[in-house]
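Visitor: Residue numbers (the numbering used here): 36 to 222. Ideal Cβ positions, reconstructed from N, Cα and C, are used throughout, including at glycine.
(1) If you follow the beta strand (DSSP E) that residue 123 is part of, which residue opens it and which one closes it?
(2) Assign residue 198 to buried or exposed, taking buried as 16 or more other Cβ atoms, counted over all protein chains shown, within 10 Å of its Cβ.
(3) Are residue 90 and residue 69 closer than 8 Å when you measure CB to CB?
(4) Please state whether DSSP places residue 36 in a helix, a strand or coil.
(5) Work out the CA separation of residue 72 and residue 125 for me, nearest whole Å.
(6) Check this for me: beta carbons of residue 108 and residue 101, under 8 Å apart or not?
(7) Compare the beta carbon distance of residue 201 and residue 210 with 8 Å and say whether it is the shorter of the two.
(8) Just to confirm, are residue 29 and residue 65 a CB contact at a threshold of 8 Å?
(9) Exposed or buried, what is residue 123 when buried is set at 16 or more other beta-carbons lying within 10 Å of its beta-carbon?
(10) Relative to the C-alpha of residue 88, which candidate in 76, 37, 116 has its C-alpha closest?
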C-alpha cells in the first residue's frame with residue numbers, strides 16, 4: 036500500500052498498489068499530485084492520483100531486463116527513472132511523454148551499478164554504489180565528469196548508498212552522498 040501522511044504525522048489516506056505491484060523500488064510525487072511507483076517485479080512504472088485513481092503507466096523503452104528503480108523529479112516536472120539492470124536513466128516530460136534514454140558510463144569510466152539518482156537545475160547525478168563513484172551529466176544526458184573511487188580517504192567512497200542535490204539557501208550547489216560503511220554523509 037501507499038500511505039499518505041500529513042506533515043504533522045497524521046495518516047490521511049491508504050492507497051492499494053495498482054494491479055499486481057509487489058516490489059516497489061521507487062516512489063515520487065509530482066506537483067500535480069501524480070504518484071509514480073517503480074516496481075521491480077512487474078518491471079513497470081505505475082502512475083496513480085493522490086486519491087488512488089489509476090492513470091496510464093509510463094511506457095518504458097522496449098527491451099529485455101528492464102528494472103525500474105529510483106525515481107526523481109526536477110523543478111520543471113521532468114521525471115527521471117533509474118534502470119538498475121541496464122544502467123540507464125529514462126527521462127519523461129511532465130505530460131507523461133518519453134523524452135530519451137541516457138546510458139550511464141562509457142569510455143574509460145564505466146558504471147557498475149545505479150544505486151541512486153538526483154537532479155538539480157543543471158545536472159543529473161548518478162550514484163554508482165558498486166563502483167564508488169558519482170557520474171555528473173548535463174540535463175541533455177552528456178557526460179560532464181565523474182568523481183570518487185573505492186576507499187576511505189578524502190574523495191573516496193567505501194559504500195555509497197544515497198545521493199541528494201541540495202536546495203534552498205543552505206544546500207544550493209551542494210551534493211550529499213551517504214557512505215554507510217563509514218557512517219557519514221559526505222558534502
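Guide: So, from the listed chains and residues:
(1) Along the chain shown, read from residue 1 onward, the residue named residue 123 stands at position 88. 123-127 is the span of the beta strand (DSSP E), which, as asked, contains residue 123.
(2) Locating residue 198 in the chain shown gives position 163, where the first residue counts as 1. The Cβ neighbour count for residue 198, taken over all protein chains shown within 10 Å, is at least 16; the residue is labelled buried.
(3) For the purposes of this step, residue 90 is identified with residue 55 of the chain shown, where counting begins at 1. For the purposes of this step, residue 69 is identified with residue 34 of the chain shown, where counting begins at 1. Their beta carbons are under 8 Å apart, which means residue 90 touches residue 69 by this criterion.
(4) By 1-based counting over the chain shown, the position of residue 36 is 1. Three-state result, residue 36: coil.
(5) The residue labelled residue 125 in the question sits at position 90 within the chain shown. The residue labelled residue 72 in the question sits at position 37 within the chain shown. Spanning the alpha carbons of residue 125 and residue 72 requires a straight line of approximately 14 Å.
(6) Residue 108 sits at position 73 when you count from the first residue of the chain shown. Residue 101 sits at position 66 when you count from the first residue of the chain shown. Their beta carbons are not under 8 Å apart, which means residue 108 does not touch residue 101 by this criterion.
(7) Against the chain shown, residue 201 aligns to sequence position 166. Against the chain shown, residue 210 aligns to sequence position 175. Closer than 8 Å, so yes.
(8) This structure leaves residue 29 out entirely; the chain is present only between 36 and 222.
(9) Position 88 of the chain shown, counted from the first residue, corresponds to residue 123. Residue environment for residue 123: buried (at least 16 other C-beta atoms within 10 angstroms of its C-beta).
(10) As a working note, residue 88 is residue 53 in the chain shown. Of the candidates 76, 37, 116, the one whose C-alpha sits nearest the C-alpha of residue 88 is 37.
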